[in-house]
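A.B. asks:
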Amino acid sequence: MVQLGSISEIVSADEDVLEALSTYILDDGIVAFPTETVYGLGGFASSSKAILSIFRLKGRPATNPLIVHLSSLTKVEDVALLHGSRAENRMERLASRIDPLIPGPLTLVLPARPDSTAPEVRAGGPTIAIRVPRHPIAQAFLKRVAVPIAAPSANRSTHISPTRPRHVLEEFPDAGIPILDGGDCQIGLESTVIDITCDEPTVLRPGFITQEMLQDVLEERVTMAAGHLKHSSTIPVPARSPGQMSRHYSPRTPLYRPEQLSTLLSRPLKIGWVCFSARDAENTNLPQNPPALLRILSPQGDINEAAYHLYSTLRELDNQNLDAIVVDHIPELGVGKAILDRLGRAQAR
Ligand code: AMP
Ligand code: MG
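Per this note's numbering, the very first residue in the sequence shown carries number 2; after that it's consecutive.
Following this line, the structure appears as structure tokens:
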């Protein structure tokens with residue numbers, strides 16, 4: 002049995018640990034677990050007590066609903082109302098390809114089955130967000146607990162999402178949270194969130210699964226919700242709706258675009274400078290006095306590798322007592338759109 006104390010602790014997902022954690026979570030305990038996107042802070046979705054602990058731990062506004070995690074879609078109707086609806090039809094398409102998008106880094110917003118989950122999970126609304134993660138340890142954990150687990154990312158509200166167990170520990174050192182070790186998250190950015198209840202399926206949060214991939218599988222037009230942000234030199238003002246909070250994913254150190262720097266350089270600043278590729282780094286005039294700390298997201302210029310390194314790089318630079326972090330040009334290809342969305346929010350004040 003694992004001993005659960007007052008200090009958060011990283012634990013390996015062996016049989017005894019999974020058994021202990023499943024008892025613990027059914028008893029309203031909170032467990033951090035890995036997924037292919039980022040680490041989640043999980044609680045029993047039917048327990049208001051557990052869900053309120055998650056909101057309290059994160060300092061998350063009660064208006065921002067949580068994603069419910071399932072080990073497969075077989076029990077989705079326990080939490081969602083589908084019976085023959087177009088949402089069901091779309092869900093089946095997304096899950097039934099040879100290379101399906103579910104399980105995977107995709108969250109579906111569906112009509113909620115009333116009273117099946119604590120209302121706080123849905124922020125009191127009529128819809129519910131569900132995801133089936135693909136990560137083997139997330140799968141083992143969800144199969145073992147065998148109930149829906151509500152889980153936002155395992156970071157304090159507005160901070161950078163954790164992609165390693167150590168990041169969760171940094172966010173909640175004294176909360177007594179067991180953290181299931183799954184190593185580094187392979188994708189490193191939060192799931193794509195798509196609302197499939199509307200006339201036109203709508204991406205509420207861009208991610209690894211792109212609008213184009215969704216259109217291909219659904220064979221219909223997929224729109225992007227208004228308010229999705231670009232990393233820009235102006236302070237963006239997004240639409241106010243769930244899942245689209247303006248300030249989010251932020252390091253404590255102020256984040257800038259290169260073109261904003263001229264206004265800052267009236268005094269010598271310690272700067273962390275993030276480039277997409279090695280070639281971009283060669284073509285950049287880095288501040289020399291004092292020399293900027295250069296980080297490259299993907300030496301060869303691979304956008305998926307850049308997404309994988311983004312949060313751990315921002316977190317590492319955030320711990321260096323810098324005056325500013327500059328993120329240089331990121332191409333808008335594939336998951337690049339999601340990277341730019343997160344950087345736009347990380348920049349918002
Ligand atoms: P996080 O787990 O911290 O990455 O946040 C979960 C994301 O899913 C947030 O952006 C939520 O607003 C979004 N979300 C969860 N439930 C719903 C829902 N019922 N409708 C729309 N968005 C949702
Ligand atoms: Mg989050």
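Every residue gets a Cβ at the ideal spot worked out from N, C-alpha and C, and that includes glycine.
1) Does the beta-carbon distance from I129 to G43 come in below 8 Å?
2) Tell me which same chain residues have a C-beta within less than 8 Å of the C-beta of K59, skipping the five on either side of it?
3) Taking only beta-carbon positions, decide if R87 is within less than 8 Å of chain B.
4) Could you check the C-alpha separation between F56 and D17 for me, to the nearest Å?
5) Would the beta-carbon of S154 be found less than 7 Å away from any heavy atom of the ligand MG?
6) Where does S13 sit, in a helix, a strand or coil, going by DSSP?
7) Is the distance from the Cβ of L27 to the Cβ of V146 below 8 Å?
8) Roughly how many whole angstroms lie between the Cα atoms of V204 and I195?
9) For R165, tell me which candidate among G337, Y309, G184, P179 has the shortest Cα-Cα distance.
10) Using the three-state DSSP reduction, which class does H168 fall into: helix, strand or coil?
11) Who are the near neighbours of A88 in its chain, counting only those whose CB is closer than 7 Å to its CB and skipping five residues on each side?
12) Could you have a look at D319 and say whether DSSP puts it in helix, strand or coil?
13) Using 7 Å as the cut-off, classify the Cβ of S251 as near or not near the heavy atoms of the ligand MG, replying yes or no.
14) Shortest alpha-carbon distance to G30 belongs to which of R253, E306, I178?
15) Any heavy atom of the ligand MG closer than 7 Å to the beta-carbon of E358?
16) Need the endpoints of the beta strand (DSSP E) that V146 sits in, please.
17) Could you tell me the distance, in whole angstroms, from the CA atom of P324 to the CA atom of L344?
18) So, with DSSP's three-state summary, where would you put Q301?
19) Hey, quick one: how far does the alpha helix (DSSP H) through R87 stretch, first residue to last?
20) Using a 10 Å radius around the Cβ and a threshold of 16 neighbouring Cβ atoms, would you call A227 buried or exposed?
21) Would you tell me roughly how many angstroms separate the C-alpha atoms of L67 and L294, rounded to the nearest one?
22) Let's test the definition: count the other Cβ atoms within 10 Å of the Cβ of I236 and tell me whether it reaches 16, buried, or not, exposed.
23) Any heavy atom of the ligand ZN closer than 7 Å to the Cβ of A139?
C.D. replies: Reading off the structure:
1) no
2) L42, P153, N156, R157, S158
3) Looking for chain B here will not work: only one protein chain is present.
4) 28 Å
5) yes
6) coil
7) yes
8) 4 Å
9) G184
10) helix
11) L111, P112, I197, T198
12) helix
13) no
14) I178
15) Residue numbering for the chain in the displayed model covers 2 to 350; residue 358 lies beyond these limits and cannot be assessed.
16) It is not in any beta strand (DSSP E) - V146 instead sits in the alpha helix (DSSP H) that spans 137 to 146.
17) It should be pointed out that residue 324 corresponds to Asp in this sequence rather than to Pro. Those two C-alpha atoms are separated by around 17 Å.
18) coil
19) 87 to 96
20) exposed
21) 36 Å
22) Only weak support is given to the placement of I236: the predicted model assigns it a pLDDT of 41, under 50, and the question is left unresolved by the model.
23) Among the ligands modelled here, namely the ligand AMP and the ligand MG, the ligand ZN does not occur.
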